[in-house]
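Residue numbers (the working numbering), protein chains in the order written: chain A, 134 to 534; chain B, 134 to 534.
Protein chains: 2
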Amino acid sequence: MKALFIILDGVGDRLWEGKTPLIAANKKNIDYLCENGINGVLHTIDRGIIPGSDTSHLALFGYDPYRYYRGRGTFEALGAGLSLEKGDIAFRVNLGTVDNNLVIQDRRAGRDAYRLKELLESIDGMEIDSIKISARHTTEHRGVVILKGEGLTNKITDIDPHKTGAKVLRCKPLEKKADFTASVVNKLVDKAYKIFSEHKINKEREKKGKLPANYLLLRGAGIYEKIRSFEERYNIKGCCIAGGALYKGVARYIGMDIIDVKGATGTVNTDLKAKAKAVFDNFDSYDFIFVHIKGTDSASHDGDFDLKKKMIERIDSKFISEIKNLDCIKLLTGDHSTPVRLARHSSDPVPLLFWSKDVRKDNVKNFNEVSCAEGGLGHLKGKDLMRIILDYMNKGEMFGE
Amino acid sequence: MKALFIILDGVGDRLWEGKTPLIAANKKNIDYLCENGINGVLHTIDRGIIPGSDTSHLALFGYDPYRYYRGRGTFEALGAGLSLEKGDIAFRVNLGTVDNNLVIQDRRAGRDAYRLKELLESIDGMEIDSIKISARHTTEHRGVVILKGEGLTNKITDIDPHKTGAKVLRCKPLEKKADFTASVVNKLVDKAYKIFSEHKINKEREKKGKLPANYLLLRGAGIYEKIRSFEERYNIKGCCIAGGALYKGVARYIGMDIIDVKGATGTVNTDLKAKAKAVFDNFDSYDFIFVHIKGTDSASHDGDFDLKKKMIERIDSKFISEIKNLDCIKLLTGDHSTPVRLARHSSDPVPLLFWSKDVRKDNVKNFNEVSCAEGGLGHLKGKDLMRIILDYMNKGEMFGE
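As structure tokens, this is what we get:
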């Protein structure tokens, strides 16, 4: 039996005027699976742990994040299609705007991508103390920077202070042997600042009334190492259907194939019908299909209850409606809660539904945070989920005889 | 307060046409205890782990199988009444029938036990490279083989390929220092094949139209070591009432007394009234009585829903009816699920009922996989059960003051 594993990012919420977006949403297809399946609530990492999107996805695929997580930059780089080798350090980067005192005017250079790709290319290939620098533009004001060479570590602090009006930070070592890496990073941002400040693209941007993009706001240093793949561990072939680079990156990290879907943008406007079609198109080729839908989380971070509710309704009518009768195990859950009122991740568990024709149907009829807590699966941890799925796929291994 | 701990082997199931054998069965005595007790579902080893019968029983008695499990052969040998010393290697063995190319014709020599006891005795006492071999017949085509001597390990593969039509396997080392053991095992099966092939008992079997039993299908190598007993750990005296050798073996391994019950066969035809009588007969002598009933699992492995349902009904009317008013704590659960449709163990938790006159009665009224998941005990792990029982027996220890 194949498995379809659907993650609605940040779908879990807390009550707002007595409801959550899941409680408020009209979602008959999801509720059909819920009523005919077994339900529970999932602590993706552990009770009370506020999961990041990276660590939670590792846990959902059965990779203990306390063992396998080495910083987000790695996933962003892999998700952008870059190749990494053991020991490479990868950062996420914003091209930001600072004044002469290195105080941040805008962390996103006005969210204007004009010629930023070329600007980043101007530092690509640079070498600092025998460390080779690669820089690649991804979306809008965002990119990825990779450091390649001997003796690097990701135990260093961010350059990005994560807020406007603050001075950019110096990279600091978090362990003794990180001195060298921190020094390379500081030299890199200094050189880049000099190059960007004088760059003709920025002169041109300013002439057009745009903010200059003059600073490398590096963050989320990750160190790469090859790990035992999903297929080696579980003896099943998995693929990933996602818009966001991070989710593709985690999937690539564990060796899943990435299915490129036109119109899958990782935003609230993503083409859900195209994602459903991709499930059908790849159904014969894979045992395990991971579908990630980001919009629920974006609406939560915007603090928009109604947008989150509507996104759930759109997922129900455009995506779940299409796949609900597929002959396979179906799981629907989130990677973490993102309560709209908080506009940040929280440790509240996410509802989980598990449909298979022989599963022990419980009495839960509406897929939401409150009723799923009464379901037959009880409270689960993310790390336990893959084993349960594998058993239902007939791919489990008995311990003992 | 004494405790009666009843295991219905493989009793848990998945839905088949909306029901499980427990849901379908008429079992008023079990449901009486359920309605007047507290209920839950038990993951004998952990969520998503498919338990073997050996590992699950260790866990149920509070012995972490990841620490204490050293292969099934040990339990089979102990259950057959054999004595083991530290470092002894014990195997389960089928006497099987192979052709001239060592391809298995029948893994059970036609399930015909005719003179197999004497046949096995013909290799008992053999010595190979200073390792002493013991062989003992147990039931039907089954027996136990023990290797005694210096430098042995159980990190080796089976001889038994576990299917008809396959060639027998060579024993292979699973670790460097297992080379010697694997070589002794291979020499043993070769010698036994030669002896059995030419043995007059096999000539006689063939003359009578029976299959010759010419091969030692060794499997489940276990290595023995003495562990801290049930009584030393918990300060209570326990006994075991079971038909199957494995269950008696686990009980002996942890130092319980084994009560021999005439008619307790470990099959669907076991004498349940005799087992109930054994509970009464031993009630004064022990604090903790472990009763194992195998038939539910056998019916599951046969894929027979109706037989499993009837076995549950027979357990209800012949056994539970007798013990339900005994003045003691009563626990009823399984060691694992064996869904009839799968005819194999699964990781689905097993329902658990816990009766004591002062327990926090919940609202569960029917003892089955679905309703017990809504019970007051929630989801438990096997390793936690003994501590709860001990507290209700007034034998628990406070941590702190």
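Beta carbons are placed, not taken as given, at the ideal position from N, Cα and C, and that holds for glycine.
Quick caveat, the model's predicted, so the values are computed rather than measured.
Following the continuous alpha helix (DSSP H) through residue i, name the residue where it begins and the one where it ends.
i: K410 (chain A); result: 405-415
i: L249 (chain A); result: 249-254
i: P154 (chain A); result: 154-157
i: G212 (chain B); result: 205-212
i: F363 (chain B); result: 363-367
i: L518 (chain B); result: 515-525
i: Y165 (chain B); result: 161-168
i: Y201 (chain B); result: 198-201
i: D293 (chain B); result: Element bounds for D293 (chain B): n/a, residue is neither H nor E.
i: D439 (chain A); result: 438-447
Sorted by chain position, which residues of the same chain lie with C-beta nearer than 7 Å to residue i's C-beta, five sequence neighbours on each side aside?
i: N501 (chain B); result: T153, L155, I156, P484
i: C461 (chain B); result: M134, K135, A136, L137
i: L510 (chain A); result: I171, N172, G173, L485, F487
i: V401 (chain A); result: G428, S431, A432, L440, M444
i: F438 (chain A); result: W149, P154, V473
How many whole angstroms separate the CB atoms of residue i and residue j, which I take to be in contact at a CB cut-off of 8 Å?
i: V277 (chain B); j: Y348 (chain B); result: With a Cβ gap of about 16 Å, V277 (chain B) and Y348 (chain B) do not count as contacting.
i: E281 (chain B); j: I264 (chain B); result: For the sequence presented, residue 281 (chain B) should be read as Lys rather than Glu. So it is a contact: roughly 7 Å between Cβ atoms.
i: R225 (chain B); j: R303 (chain B); result: So it is not a contact: roughly 18 Å between Cβ atoms.
i: T271 (chain B); j: A411 (chain B); result: Not quite, the Cβ-Cβ distance comes to about 21 Å (not below 8 Å), so this is no contact.
i: R361 (chain A); j: T297 (chain A); result: Contact doesn't hold; Cβ gap of about 42 Å is too wide.
i: G145 (chain B); j: D481 (chain B); result: 6 Å
i: C167 (chain A); j: K498 (chain A); result: 7 Å
i: I374 (chain A); j: T286 (chain A); result: 34 Å between Cβ atoms; not a contact.
i: N169 (chain A); j: K494 (chain A); result: 6 Å
Show which residues of chain B have a CB atom less than 8 Å away from the CB atom of residue i.
i: R493 (chain A); result: R147, L148, T153, D481, E502, V503, A506
Show which residues of chain A have a CB atom less than 9 Å away from the CB atom of residue i.
i: T188 (chain B); result: M531, F532, G533, E534
i: Y202 (chain B); result: F532, G533
i: P198 (chain B); result: F532, G533
i: H425 (chain B); result: Within chain A, no residue comes near H425 (chain B); the closest Cβ sits about 16 Å away, beyond 9 Å.
i: R240 (chain B); result: Chain A residues near R240 (chain B): none, gap ~15 Å exceeds 9 Å.
i: R361 (chain B); result: By Cβ distance, chain A contributes nothing, its closest Cβ being about 20 Å from R361 (chain B), past 9 Å.
i: R205 (chain B); result: G533, E534
i: H295 (chain B); result: Those within 9 Å of H295 (chain B) in chain A number zero; the least Cβ separation is about 11 Å.
Report all residues from its chain with a CB closer than 8 Å to the CB of residue i; omit the five preceding and five following residues, and keep chain order.
i: K451 (chain A); result: L405, K406, A409
i: D232 (chain A); result: Q238
i: L344 (chain B); result: T230, Q238, D239, A242, G243, D245, R338
Could you name the residues that DSSP lists as bridge partners for residue i?
i: N227 (chain A); result: A:R275, A:L350
i: K281 (chain A); result: A:K265
i: M531 (chain A); result: B:I183
i: H469 (chain A); result: Its beta-bridge partners do not exist; DSSP assigns none.
i: S479 (chain A); result: A:S470
i: K463 (chain B); result: B:L137, B:W488
i: E260 (chain A); result: A:K265
i: I387 (chain B); result: Its beta-bridge partners do not exist; DSSP assigns none.
i: I334 (chain B); result: Answer by DSSP bridge pairing: none, since I334 (chain B) is not bridged.
i: K327 (chain B); result: K327 (chain B) pairs with nothing; no bridge assigned.
i: V144 (chain B); result: B:S470
i: H270 (chain A); result: A:G276
i: P306 (chain A); result: A:I289
i: I222 (chain B); result: B:L280, B:I356
What does residue i reach in chain B if we use C-beta pairs closer than 7 Å?
i: R366 (chain A); result: Chain B residues near R366 (chain A): none, gap ~14 Å exceeds 7 Å.
i: D524 (chain A); result: G181, I183, S479, S480
Using a cut-off of 8 Å between C-beta atoms, extract the partners of residue i located in chain A.
i: I237 (chain B); result: Those do not exist, as I237 (chain B) stays about 19 Å from chain A at its closest Cβ, beyond 8 Å.
i: H478 (chain B); result: M531
i: R474 (chain B); result: D491
Grab me the residues of residue i's own chain with a C-beta within less than 6 Å of its C-beta, minus the 5 sequence neighbours each way, in chain order.
i: D312 (chain A); result: P306
i: F421 (chain B); result: A136, I369, G371
i: K336 (chain A); result: none
i: S504 (chain A); result: V497
i: R248 (chain A); result: I334
i: D291 (chain B); result: R352
Could you tell me which chain E residues have their CB closer than 9 Å to the CB of residue i, listed as they occur along the chain?
i: R520 (chain A); result: Judged by its chain identifiers, the structure shown contains no chain E, and its protein chains are A and B.
Under 7 Å Cβ-Cβ, which residues of chain A neighbour residue i?
i: G515 (chain B); result: Chain A residues near G515 (chain B): none, gap ~12 Å exceeds 7 Å.
i: G353 (chain B); result: E534
Which chain B residues are close to residue i, counting only those with a beta carbon under 9 Å from its beta carbon?
i: G509 (chain A); result: V174, E502, V503, A506, E507
At what residues does the beta strand (DSSP E) containing residue i begin and finish?
i: N172 (chain B); result: 171-176
i: V424 (chain B); result: 421-426
i: D239 (chain A); result: 237-239
i: C373 (chain A); result: 371-374
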